[in-house]
Amino acid sequence: TLSGGRLMLGLGIGWLKSEFRAFDVPFAPAPERHAALGEAMAILEGAWRGEPFSFVGAHYRVDNLQLEPPPVQWPRPPIMVGGNGERVTLRLVARHADACNVSELQDRGDGQEAVGGVETIRRKLDALRGHCADAGRPYDEVLRTHFTLKLVLAPTEAAAAAKLAAQRADASASPATRRAQPSAFVCGTPERVAAHYRALAEAGIQYFVVQLDAADEETLRLLATEVMPNVG
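Number 135 in full-length UniProt numbering belongs to position 135 of the sequence shown; there are no gaps in the numbering.
See the structure below:
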């Protein structure tokens with residue numbers, strides 16, 4: 001209501017243990033967090049209908065819940081789910097969400113994550129397409145977005161690498177920025193970065209979400225003038 005119908009709700013299961021500790025919430029195993037997310041989405045869908053809604057699940061319970069005022073968007077605000085799980089997360093997207101937000105992160109099989117390439121994105125979107133078919137939903141109903149943990153641009157590769165190293169070492173850097181593998185970042189010249197995003201667009205990504213350093217005006221300028229016009 002406050003935004004006049006411009007809200008898009010972003011949801012996910014979370015992944016940084018420090019964030020859970022900050023709110024004194026147990027960091028449950030991923031299957032439990034996935035189940036809780038599915039229940040939360042079902043509750044939101046029911047509560048946004050404008051009528052009293054009840055739900056009993058393994059994680060949440062509501063009795064005669066009715067949200068006032070009702071949402072401006074009808075039948076509800078769009079929901080974006082962030083996450084890379086091909087079996088569970090993207091199935092939730094196909095069943096309940098309007099947009100997905102993926103990256104090249106992939107499970108190595110040992111509890112850790114590795115960073116893949118554009119082929120990883122193709123595989124994830126193929127999984128989403130299959131889940132949409134199983135749900136009887138057109139694949140193109142889902143907005144396919146991509147997340148870049150950190151984008152750094154400079155006229156030369158060396159200058160971009162030096163800038164990224166300084167940003168990661170800064171005391172104000174987020175825990176995710178400090179602990180991520182170097183390959184998790186997009187860093188380089190405008191020409192190389194534009195080619196990177198063109199390849200992702202050709203794989204099926206429609207919208208890009210990038211994280212920038214607030215003080216890095218050069219990256220912002222190069223993104224606007226030399227990258228975006230050459231991606232499409």
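C-beta: ideal position from N, C-alpha, C; glycine also.
Beta-carbon within less than 8 Å of residue i's beta-carbon, same chain only, minus the 5 sequence neighbours each way: which residues are those?
{"i": "Arg-129", "result": "Tyr-139"}
{"i": "Thr-189", "result": "Leu-153, Ala-154, Pro-155, Thr-156, Glu-157 and Ala-160"}
{"i": "Thr-1", "result": "Pro-69, Pro-71 and Val-72"}
{"i": "His-34", "result": "Ile-13, Gly-85, Val-88, Thr-89 and Leu-92"}
{"i": "Leu-151", "result": "Phe-185, Val-186, Cys-187, Val-193, Val-210, Gln-211, Leu-212, Thr-219 and Leu-223"}
{"i": "Cys-132", "result": "Ala-94, Pro-138, Tyr-139, Glu-141 and Val-142"}
{"i": "Met-80", "result": "Met-8, Leu-9, Gly-10, Leu-11, Ala-97, Asp-98, Ala-99, Cys-100, Asn-101, Leu-143 and Thr-145"}
{"i": "Asp-126", "result": "none"}
Looking at C-alpha atoms only, which residue of the options is the closest neighbour of residue i?
{"i": "Gly-14", "options": "Phe-55, Pro-182, His-59 and Asn-84", "result": "Asn-84"}
{"i": "Leu-143", "options": "Val-186, Glu-45, Leu-9 and Asn-101", "result": "Asn-101"}
{"i": "Leu-9", "options": "Pro-31, Asp-98, Ala-94 and Leu-16", "result": "Asp-98"}
{"i": "Gln-211", "options": "Leu-220, Arg-122, Ser-3 and Ala-94", "result": "Leu-220"}
{"i": "Gly-117", "options": "Leu-149, Ala-127 and Leu-105", "result": "Leu-105"}
{"i": "Ser-174", "options": "Glu-217, Pro-31 and Leu-149", "result": "Leu-149"}
{"i": "Glu-202", "options": "Tyr-60, Ile-121, Val-62 and Phe-23", "result": "Ile-121"}
{"i": "Arg-123", "options": "Gly-38, Gly-204, Ala-215 and Leu-7", "result": "Gly-204"}
{"i": "Pro-78", "options": "Leu-7, Ala-214, Ala-127 and Gln-181", "result": "Leu-7"}
{"i": "Pro-75", "options": "Glu-51, Ala-58, His-59 and Tyr-60", "result": "Glu-51"}
{"i": "Leu-164", "options": "His-131, Ala-22, Ala-214 and Ala-133", "result": "Ala-214"}
{"i": "Gln-66", "options": "Ala-166, Gly-57, His-59 and Leu-44", "result": "Leu-44"}
{"i": "Pro-182", "options": "Arg-168, Leu-125 and Arg-49", "result": "Arg-168"}
{"i": "Glu-191", "options": "Phe-208, Met-228 and Asp-216", "result": "Met-228"}
Can you give me the C-alpha to C-alpha distance between residue i and residue j, rounded to a whole angstrom?
{"i": "Gly-12", "j": "Leu-90", "result": "11 Å"}
{"i": "Val-115", "j": "Asn-64", "result": "44 Å"}
{"i": "Arg-137", "j": "Phe-147", "result": "24 Å"}
{"i": "Arg-95", "j": "Ala-162", "result": "43 Å"}
{"i": "Ser-54", "j": "Glu-32", "result": "21 Å"}
{"i": "Asp-110", "j": "Lys-17", "result": "Its pLDDT being 46, under 50, Asp-110 is placed unreliably by the model, and the measurement read from it follows with that caveat. Approximately 17 Å between the Cα atoms of the pair."}
{"i": "Arg-198", "j": "Asn-230", "result": "8 Å"}
{"i": "Thr-145", "j": "Met-41", "result": "19 Å"}
{"i": "Ala-195", "j": "Gly-82", "result": "24 Å"}
{"i": "Glu-226", "j": "Gly-232", "result": "11 Å"}
{"i": "Ala-47", "j": "Gly-38", "result": "14 Å"}
{"i": "His-59", "j": "Asp-24", "result": "17 Å"}
{"i": "Arg-178", "j": "Ala-166", "result": "11 Å"}
{"i": "Pro-29", "j": "Ala-36", "result": "11 Å"}
{"i": "Glu-19", "j": "Gln-206", "result": "29 Å"}
{"i": "Arg-61", "j": "Asp-216", "result": "45 Å"}
Where does the unbroken alpha helix (DSSP H) through residue i begin, and where does it stop?
{"i": "Ala-94", "result": "89-96"}
{"i": "residue 245", "result": "No statement about residue 245 is possible, as the shown extent of the chain runs from 1 to 232 and does not include it."}
{"i": "Gly-130", "result": "118-135"}
{"i": "Leu-222", "result": "217-222"}
{"i": "Leu-212", "result": "Where Leu-212 is concerned, there is no enclosing alpha helix (DSSP H), given that its DSSP letter is neither H nor E."}
{"i": "Gln-167", "result": "157-169"}
{"i": "Thr-225", "result": "Element bounds for Thr-225: n/a, residue is neither H nor E."}
{"i": "Pro-175", "result": "175-179"}
Less than 6 Å between C-beta atoms, sequence neighbours within five positions excluded: which residues of the same chain meet that for residue i?
{"i": "Gly-5", "result": "Val-72 and Gln-73"}
Check the Cβ-Cβ distances between residue i and every residue of chain D, and say whether any is below 8 Å.
{"i": "Ala-194", "result": "No chain D appears in this structure, which consists of one protein chain only."}
Need the endpoints of the beta strand (DSSP E) that residue i sits in, please.
{"i": "Arg-144", "result": "143-148"}
{"i": "Ile-79", "result": "79-82"}
{"i": "Leu-2", "result": "Here Leu-2 belongs to no beta strand (DSSP E), and DSSP marks it neither H nor E."}
{"i": "residue 242", "result": "It is not possible to answer for residue 242, since the shown part of the chain is limited to 1 through 232."}
{"i": "Leu-9", "result": "9-11"}
{"i": "Val-72", "result": "No beta strand (DSSP E) holds Val-72; DSSP gives it neither H nor E."}
{"i": "Val-152", "result": "151-153"}
Excluding the 5 residues preceding and the 5 following residue i in the sequence, name in chain order all residues of the same chain whose CB lies nearer than 7 Å to its CB.
{"i": "Ala-135", "result": "Ala-94 and Arg-95"}
* **Contiguous alpha helix (DSSP H) assignments of at least 4 residues, all confined to the segment 15-66** => 17-22 and 30-47
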